[in-house]
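Undergrad:
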Amino acid sequence: MAFDGTTDTRWQADNEADDEWIQVDLGSVQAVNAVTINWEAAYAAKYEIQVSTDGKEWTTVAKENGMVGEITSSFAATKARYVKMQGVSRGTQYGYSIYEMQVFGAVQAKAPTITPVSGTYKGTQTVTMSTAVKGAEIKYTTDGATPTEDSDTYEGPITVDKSVTIKAVTYRKGMLLSDPVQSDIIIEGTISLNKTEATVAIGNKLQLSAITDQSVTFSSDNAGIAKVDANGLVEGVSKGTATITAKAANGQKATCKITVTDPVHITSIEIAPQNLEIKNKTSETLKLTINPSNTTDDTTVTWTSKDEKIATVNDAGTVTAKSEGTTTITAKIGKLEATCEVTVLPITVEEMVADGQFNIGLGKNVVALPNKQNGEGGSESDITDGNFEGKHIATAFATTGTSYTLDLGDAYDSATIDKLVVKYKENNGGDTPVNGYEIQYSTNGVDFETVKKVTGDSVKDACENKNCVDTQDMTGVTGAVRYIRFYYPEAYTWGVQVREIAALSTDKNAKKAELQYCDNPAEVTVKSDKYCQITYTIKAGENQDDYKYMVYLNNNLVGDRVTAGTYTIDNLDAGTYTVKVVSYYNKLTSKGISKEVKVDDGSLKDYINTVRNISKGAKITVDKVYEGEGNQDVSSLTDGIVSDNNGVCVHTEHGAQTATINMDLGENYPISNIEEFLIAFKADNTYAKTYTVEFSADGQNFQEMINVKDAKYKDVMENKIDPSTYNYDTVRYVRVKLNDGSYSWGYQISEVAIMGTDIYMPVEPEGLVVESPTYNTVTVTWTGADNGQTYWVYIDGKVKDMNLASAGTYTYNNIDAGTHIVKVTSRLNGIESKGVTKEVVVANQPTTTPELTTTTKPTPTTAKPSETTTQAPTINPSGTTEVTTKPGETTQATTKADETTKSGENTSDIGNGGNTTVAPSASSDINVKVGKTKVTKATKKKRTTKAKISLKKVAGAKGYEVRVSTTKKFKAKKTITKVFKRNKLTFKKLKKNKKYYVQARAFTVINGKKKYGPWSAKKKMKLTK
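Following this line, the structure appears as C-alpha cells:
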C-alpha cells in the first residue's frame, strides 16, 4: 500500500510496538540518495532509514525525528537493493501508519575539467580545475591514485614545475562520484615517478613508470632486497627497504622507496550472494571477497557464466539476465573458485514501463490532439508516469482524427525500440479504440509516417484478456524516430481514455540517432509587457525566405507554423514559461532556440505583508463571529498573512447567509493611490460567491465600488478598483457585505486587504547595459530614481551585490566563460522590484598552450610505461598549495618552427617504443606517438570458442585493438578484430580445434579521435586440452 503511488491507501503496522518496519525491494542494486515518507497521524517520533544490498546486512543512512506529513531524508549516494524504514519510537499509541514511501535514485556527477590538458610544456605551469555541477567540490590526486571523496579538495590554482599526472573527480553529497579525468602534464627536462613509496612482497613484481621527455635508466641501491630491470619493473627479493632511482638523460633524478615484505597468499574467495534471483533483462553486481584482504598475490578475477543464454557476467562481476532459467556464475583467481547460482525470473510489461532503463518514454511529454477533453481525469503528465493504475486522460469526445503524440525528447534508432504499450482506462467500446488505430513515427513532429496499423481485434483482446494493456511488437521498424503518434481515425463517444503510454527497449539498448537539421532562425526575442500575455518575435536568417517556424510553449505546440514576425500568446496564468522556436524547411527542422519569460497576472497577493497593503494593522470588525470554532481575534484579518489553518481563520456565524465586515484605515488615502480589494477564504466550501465592497471618506456616506456575483474560488480573490467612478477624493472606511455562497460552516476568512498602487513600489532600474570588456569580467551600468531605494545585482540567479546605495557602473571579476543572465532589481520599503535583465557573453582567459617540440629522437630509454602518475605539486608543511608564479606573470608558449626532425621521429611520444610516458598535446597530436604493446600470453582450449589473451600495458593508452586470424598474413576474410579497454581480455566466438595468430595495438584518444600505436609482433595462440 505504501508503494502504490497514491495517498488513497496506506500501510498500517500490525502491532502497536516501536520495533516495526517496512521495506521495499528495488529489484536490483541501484544508487539511491533520498527517501520520502508521507506519514499518517500515527507517525514515528523517531525512525531510521536503512539500506542493504542483500537484505541481510543493513546500514543506517539517516536518522529522523518524525511528524505528520512528508519527511524527506537525504544522504550520500549509496548502493542498495533493499530500503527500509526501521521504527525506533512511536509518536502515538497506535502502530506506525504510512500513506506513501518513495525511494529516489542518485545521479552521477559530471566529470570536471583540468587545464592545461595532457601535453608537453616548457616551464612552470598553473593548473586549474572546474566543474559545471552546482554546489560540488573537486577532489584530486597527484600520486597516481584514483580520487575519492576523501582526497584533497581543489581550492585554487596549483603551480607545477615538474612532470605530473593529475586525476580529478566531481564530488557532491547525494550524487555519485563522477568518472575520473586525467591530465598528464610533461614539463620539459624534468622527471617524476608514478610512486614515491611502495610495498611489494618477496617474489612479487611492481611496475614503476617514469614521466618525462627524456630517456631513462633505472637502478636499485640494494638489489639484494629489491631489484629493478631496464623497464622499471621492480621485484621483491628479501625483506627490507631499498631505493629505486630513475635517472633522466639530462641528469635529473626521481626516487621511490620500496619496502619488501613476506608474501601473504590467498586462502579462499567468496561470492555474495551465493544464490541470486534476478528479473529478466536486469543487471546486478556480485560482491567478491578475497581472504585475507591483505594478500600480496595477484587478485585478477576471471568471471564466467555456465549458460550465457540465461545470463552473462562481465569483468566487474555484473550479471545481466538474458532469458528465464538458471545458470552458474563462477569467479576464479588462480586455482581458487567461488560460485553463485543465478535464477532469472520473468519481468512483466508493467515492471518495464515503470523502469526508465527500459521505458524511454518515462516522464516525457505527451500531447492529445486536437485537445485533451477538459474535466476528464488528470493531466498529460499522468500518462507517462510509469503507473498503470494512475490517473487517465481522454482525447476530445465524439471527435474523429484524434491522437496522442509522445515526444521522446531525442531522436532514437527505432530498431532499438521494440515494444509500444498503451494502458486503457477500462474495457469499454465507448472509450477504447475498438475499431483499430495507427502507429505513426516522425523525426520532426510535423511529417508522420504510418509504421503499423493495429486492428480492433487486437485492442479488444488486450482489454478482455490482458487487463487493458495493449502491447505492440515494433520489431522490424527501422529509421529514426523522436515523435510517436497513436492516431485514431474514428470517433469514440467518450474519447480514447488512456492511463499510460510507454516506449520500451526491452534489451535496454535504446540508441540515439543522428539527424540532419536545418538552420535556426537568426534571432528570437521573448517578453511579457502585459498581464497574462507573452510577445515573441522571430527574425529570419539568411536564405530563409521559404522557412516556416513552429512555436512551443512549455513543450506544447502553439497553433500552426508561422512566418517570421511578431506574435502574442494570451490568457496565460502567472508563472515562468519556456518559449521554443523551431525552423521548418523541406521536411527538416532545426534544433530550436529556447527562451524563458516570466508572466505576471497583475495579482498583488505577494505584497500583502508589505507597505503596499495600506490596510495592514487597520481596525476591523465582523458582525457575526462564530464562537464555537476558529479564531476569535478578528484583528488577524489585517495582519498581512494568508493561511488555510482553521485555527487562524475567522468564522462567521455557521449557517448564516450574510455577514458584514467594517474596516477603518486610520487615515484618509487618496482614491488614486488605491488599486484593488483583496479577500482570502480558507477553502472552496467556505467562501462567498457574492459580495460588495463600499468606500467612504467620513464613515457616513458609503459608495459601492465592487459588486461580485457567482465568483469562482481562488485562494486569494482580487478585484480591481476603478477610481474614476468614486465621487470623493479620499477613502478611510471600507464596508464588505458577504451574501450567498458556501456558508454552512460560515464564511472562513484569513485576510482582508486594501492594496495600494505602484506608488508604494520601488522604481525599476533604467538603461541597463551589460558588457564583458575583458576576459572573465562583467561590467553592469544603469540609472535609477532618487527616492532612497537600493539596488541588488544578480548573475545567473545568484546575488552578486546587494544594498547598493546608488545606480552607476559596477565591475565583477572571476566570471566563468559562457553566456550569463544579469538582473538588477531595486528595493524600497522591504519590497523588491521584478528587475530588468540582460544577457552577456564572457570569454575565458586563454590558458598557456603547450610548446610543440620537434627535435631529433633521443637515445632509446629503458623506462617501461605504466599508469602515468607523479609526485604532487609544491605543497608547504601546513598542507596548503603554494603558487610560486610572480603576480602578473604568464608563460608564453610558441611553436619551434625552425627546428627540424627526421621523418617520423619526435621527442614527445607515449612509450618511446614502449618505454616513456608522454601525454598528447593540448592543441595538436603532432607530438604524440602511441607506444607499442606486446602479446605476452594467448591460450585457448581446443574444444572451446574462447581465448585468454594478455598484453603488455602501454602508458597513456585508452584501450587496445586486438585481431585474431587463422592466417599469419591476417587476411580480412579470416580475421576477427575487436576493441578492449583492458590489457587482459577474453576473445570470444572463435572456432573449435583451430589454430590462431594474435596481434594487438594500443590507442589513445586526442580531440575525440583515436590515434593508434604500431601493431605488435605476431604471436601464435597456444592450444590446450
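Residues 1 to 1025 in the UniProt record's numbering are what the sequence shown lists, from first letter to last.
Note that beta-carbon positions come from the ideal geometry of N, C-alpha and C, so glycine has one too.
Everything numeric in this text was worked out from a predicted model, so none of it was measured.
Does the structure place the segment 241-256 close enough to the segment 202-212 that three or more beta carbon pairs sit under 8 Å?
TA: At 8 Å Cβ cutoff, the stretches touch.
Undergrad: For I49, tell me which candidate among S73, N291, V622 has the shortest Cα-Cα distance.
TA: Considering only alpha carbons, the answer is S73.
Undergrad: Determine the burial state of F486: buried for a count of at least 16 other Cβ atoms within 10 Å of its Cβ, exposed for fewer.
TA: Buried.
Undergrad: Taking the beta carbon of N586 as the centre, do at least 16 other beta carbons fall within 10 Å, making it buried, or is it exposed?
TA: Exposed, by the Cβ-count rule.
Undergrad: With burial defined as no fewer than 16 other Cβ atoms inside 10 Å of the residue's Cβ, what is the status of P773: buried or exposed?
TA: It is exposed - the Cβ of P773 has fewer than 16 other Cβ atoms within 10 Å.
Undergrad: Is N927 buried or exposed, if buried means 16 or more other CB atoms sit within 10 Å of its CB?
TA: Because N927 carries a pLDDT of 49, less than 50, the predicted location of this residue cannot be relied on, and no value is offered for it.
Undergrad: Would you call the CB atoms of W782 and T825 closer than 8 Å?
TA: No, Cβ-Cβ distance for W782 and T825 is not below 8 Å.
Undergrad: May I have the straight-line CA-CA distance separating T977 from V954, to the nearest angstrom?
TA: Between T977 and V954, the C-alpha separation is close to 19 Å.
Undergrad: Is there contact here, the segment 314-330 with the segment 380-389, by at least three beta-carbon pairs under 8 Å?
TA: No, the segment 314-330 is not in contact with the segment 380-389.
Undergrad: Going by alpha carbons, who is nearest to N668 out of F677, I614, N685, D644?
TA: Checked all of F677, I614, N685, D644; the closest Cα to N668 is I614.
Undergrad: Quick check: G784 and V763, are their CB atoms within less than 8 Å of each other?
TA: Contact flag set, yes.
Undergrad: Using the C-alpha atoms, what's the distance from I484 back to A680?
TA: Going from the Cα of A680 to the Cα of I484 covers about 45 Å.
Undergrad: Residues in its own chain within less than 6 Å of Q871 by CB, not counting five upstream and five downstream?
TA: Confidence in Q871 is poor, its pLDDT being 34 and thus under 50, which makes the residue's placement too unreliable to answer from.
Undergrad: For Q497, which residues in the same chain have their Cβ closer than 6 Å to its Cβ, ignoring the five residues on either side in sequence?
TA: The answer, listed in chain order, is H392, A394, K425, D431.
Undergrad: On a CA-only basis, which of V581, C340, E676 is nearest K287? Give me that one, please.
TA: The option with the nearest alpha carbon to K287 is C340.
Undergrad: Report, in whole angstroms, the separation of the C-beta atoms of V599 and L504, which I expect to be a contact under 8 Å.
TA: No, V599 and L504 are not in contact; Cβ-Cβ is about 37 Å, not under 8 Å.
Undergrad: On the CB-based measure, 16 or more other CB atoms within 10 Å of its CB, does A922 come out buried or exposed?
TA: With a pLDDT of 35 at A922, under the threshold of 50, the modelled position of that residue is not reliable, and no figure is offered here.
Undergrad: Please determine if the segment 170-190 and the segment 101-111 are in contact, where contact requires at least 3 C-beta pairs separated by less than 8 Å.
TA: Result yes; three or more Cβ-Cβ pairs closer than 8 Å.
Undergrad: So the candidates are T261, E149, Y171, E137; which of them puts its Cα closest to the Cα of G156?
TA: Ranking T261, E149, Y171, E137 by Cα distance to G156 puts E137 first.
Undergrad: How big is the Cα-Cα spacing for V951 and T343?
TA: In the sequence on display, residue 951 carries Leu and not Val. Between L951 and T343, the C-alpha separation is close to 35 Å.
Undergrad: Alpha carbon to alpha carbon, how far is I821 from K56? Give it in angstroms, no decimals.
TA: Approximately 51 Å, taken between the alpha carbons.
Undergrad: Under three-state DSSP, which class holds V622?
TA: Strand, per DSSP.
Undergrad: Whole angstroms are fine: how far does the CA of K992 sit from the CA of K948?
TA: One C-alpha to the other measures close to 14 Å.
Undergrad: Using DSSP bridges, identify the partner residues of H651.
TA: Answer by DSSP bridge pairing, in chain order: Q748.
Undergrad: If we ignore side chains and look at the alpha-carbon of each, how far apart do T884 and G236 end up?
TA: Note that T884 scores 30 on pLDDT, short of 50, meaning its location in the model is unreliable and no value can be drawn from it.
Undergrad: What is the DSSP secondary structure of E380, reduced to helix, strand or coil?
TA: The answer is helix: DSSP assigns E380 an H, G or I state.
Undergrad: What is the residue span of the beta strand (DSSP E) that A201 lies within?
TA: First-last of the beta strand (DSSP E) with A201: 197-201.
Undergrad: My parser needs the beta strand (DSSP E) runs of 3 or more residues fully inside the segment 513-587; what are they?
TA: Qualifying beta strand (DSSP E) stretches, in chain order: 523-527, 534-539, 548-553, 565-569, 575-585.
Undergrad: Would you identify the three-state DSSP class for A863, choosing helix, strand or coil?
TA: Annotation note: pLDDT 35 at A863 (below 50); position unreliable, coordinate value reported separately. Coil.
Undergrad: Output the residue ranges of the beta strand (DSSP E) runs that lie fully inside the segment 158-214 and measure 3 residues or longer, sorted by chain position.
TA: 158-160, 164-171, 181-187, 191-193, 197-201, 205-207, 210-212, all fully within the segment 158-214.
Undergrad: Drop a sphere of 10 angstroms on the beta-carbon of T7, count the other beta-carbons inside from all chains shown, and report buried for 16 or more, exposed for fewer.
TA: T7 comes out exposed.
Undergrad: Apply the 10 Å Cβ neighbour rule to M802 and answer buried if 16 or more other Cβ atoms are within range, or exposed otherwise.
TA: Flag for M802 reads exposed.
Undergrad: Report, in whole angstroms, the separation of the C-beta atoms of S151 and Y140, which I expect to be a contact under 8 Å.
TA: Contact holds; Cβ gap of about 6 Å.
Undergrad: If you count every other CB in all the chains shown that lies within 10 Å of the CB of K940, and 16 or more means buried, which is it?
TA: The residue in question, K940, is buried, as its Cβ has 16 or more Cβ neighbours within 10 Å.
Undergrad: With residue 1027 as the anchor, note down where its alpha helix (DSSP H) starts and where it stops.
TA: What is shown of the chain runs 1 to 1025, which leaves residue 1027 out entirely.
Undergrad: For N906 and V930, what's the separation of their Cα atoms in angstroms?
TA: Note that N906 has pLDDT 33, beneath the 50 cutoff, so the model's placement of it is unreliable and no number is given.
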